[in-house]
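Report on the following structure.
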Amino acid sequence: MRREARLHQIRKPSVEVTDRCPAEIETLLDELAAQAQRVQVPAAALATGLVAARMVGGLTEDAPLACGSLLHQIETATARAAPAELNHTAGAAAVQVAAELQRLGEFGRGARWSADGGIPATQAETLRKMLLAVVGEPRLVVARIALQCARLRAARDGEPAMRQQLAAESRAVFAPLANRLGIWQLKWELEDLAL
2 MRREARLHQI RKPSVEVTDR CPAEIETLLD ELAAQAQRVQ VPAAALATGL VAARMVGGLT
62 EDAPLACGSL LHQIETATAR AAPAELNHTA GAAAVQVAAE LQRLGEFGRG ARWSADGGIP
122 ATQAETLRKM LLAVVGEPRL VVARIALQCA RLRAARDGEP AMRQQLAAES RAVFAPLANR
182 LGIWQLKWEL EDLAL
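Given below as structure tokens:
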């Protein structure tokens with residue numbers, strides 16, 4: 002029986018980062034998620050935001066950063082500011098983090114992206130340097146990398162063009178950035194998922 006259990010574990014590999022979010026942050030994220038469901042945030046966006054927020058919470062043990070990551074994903078998905086009740090529950094520091102992430106913006110390959118065209122190495126390096134220079138708060142880079150990883154996880158069942166675009170961005174920009182910051186768990190997961 003013991004051998005069968007070990008074989009089952011071997012057959013079921015997991016490439017994902019173990020999300021060890023502290024209990025108090027997990028409770029706060031669950032409360033935010035419940036409120037977000039009541040204000041009809043799309044389920045897929047909420048799930049992706051929760052995954053990213055739990056990663057951030059597990060890596061940093063920083064509740065405002067984790068909650069801000071979730072608020073940012075909600076705002077990005079709904080194309081509007083988070084409702085006041087969510088902001089109140091998350092707190093002023095988390096609202097500030099969400100605003101800073103929103104200011105940082107989304108960057109990617111754009112609508113005319115094609116799988117044939119890769120990001121030149123010099124352009125990817127310039128983008129990584131620019132991202133580090135623009136962000137005055139290094140915690141925001143951790144949150145942005147976690148959001149990319151969560152989006153890549155969620156894209157497993159998505160359309161092939163979107164998966165290829167996220168994979169290319171992850172390989173060229175986010176995985177090397179995670180490596181440079183010493184967040185090897187996310188680097189490895191980004192590389193594995195990007196294949």
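With the working numbering applied, the sequence shown closes on residue 196, and no number is skipped along the way.
The beta carbon of each residue, even a glycine, is placed where N, CA and C say it ideally should be.
Cα-Cα separation between residue i and residue j, rounded to whole angstroms
| i | j | result |
| --- | --- | --- |
| Ala155 | Ala44 | 12 Å |
| Ala89 | Ala53 | According to the sequence provided, residue 89 is His. The question's Ala does not apply to it. Their Cα atoms are separated by approximately 20 Å. |
| Arg150 | Leu187 | The sequence shown places Cys at residue 150, rather than the Arg named in the question. Cys150 and Leu187: Cα-Cα distance of roughly 7 Å. |
| Ala100 | Leu30 | 18 Å |
| Arg21 | Gly59 | 5 Å |
| Ala169 | Ala179 | 15 Å |
| Ala82 | Asp158 | 28 Å |
Contact check, residue i vs residue j, beta carbons under 9 Å
| i | j | result |
| --- | --- | --- |
| Val57 | Ala144 | yes |
| Leu194 | Ser171 | yes |
| Gly72 | Leu33 | The sequence given here places Leu at residue 72; Gly does not occur at that position. Taking 9 Å as the Cβ cut-off, Leu72 and Leu33 qualify as a contacting pair. |
| Val42 | Cys68 | no |
| Ala78 | Thr123 | no |
N- and C-terminal bounds of the alpha helix (DSSP H) containing residue i
| i | result |
| --- | --- |
| Ala94 | Ala93 to Leu105 |
| Leu196 | Per DSSP, Leu196 belongs to no alpha helix (DSSP H) and is neither H nor E. |
| Pro161 | Pro161 to Glu170 |
For residue i, three-class secondary structure by DSSP
| i | result |
| --- | --- |
| Pro43 | coil |
| Ala155 | helix |
| Ala112 | Only weak support is given to the placement of Ala112: the predicted model assigns it a pLDDT of 47, under 50, and the value that follows is read from those uncertain coordinates. Three-state result, Ala112: coil. |
| Pro23 | coil |
| Arg81 | coil |
| Ile184 | coil |
| Asp31 | helix |
| Glu138 | coil |
| Glu62 | coil |
Nearest residue (CA-CA) to residue i, options the options
| i | options | result |
| --- | --- | --- |
| Ala176 | Glu192, Ala34 and Ala162 | Glu192 |
| Glu190 | Ile146, Gln165, Ala162 and Arg55 | Ile146 |
| Glu138 | Leu66, Leu60 and Leu29 | Leu66 |
| Arg164 | Arg181, Trp185 and Leu196 | Leu196 |
| Ala80 | Thr61, Ala64, Cys68 and Gln103 | Gln103 |
| Arg39 | Asp63, Gly183, Val96 and Glu86 | Glu86 |
| Gly152 | Ala24, Cys22 and Leu51 | The sequence shown places Arg at residue 152, rather than the Gly named in the question. Among Ala24, Cys22 and Leu51, the Cα nearest to that of Arg152 is on Leu51. |
| Ala94 | Pro84, Ala162 and Asp63 | Asp63 |
| Ala24 | Arg55, Thr49 and Gln36 | Arg55 |
| Leu105 | Ala122, Thr123 and Gln74 | Gln74 |
| Thr61 | Glu27, Gly92, Ala83 and Pro84 | Glu27 |
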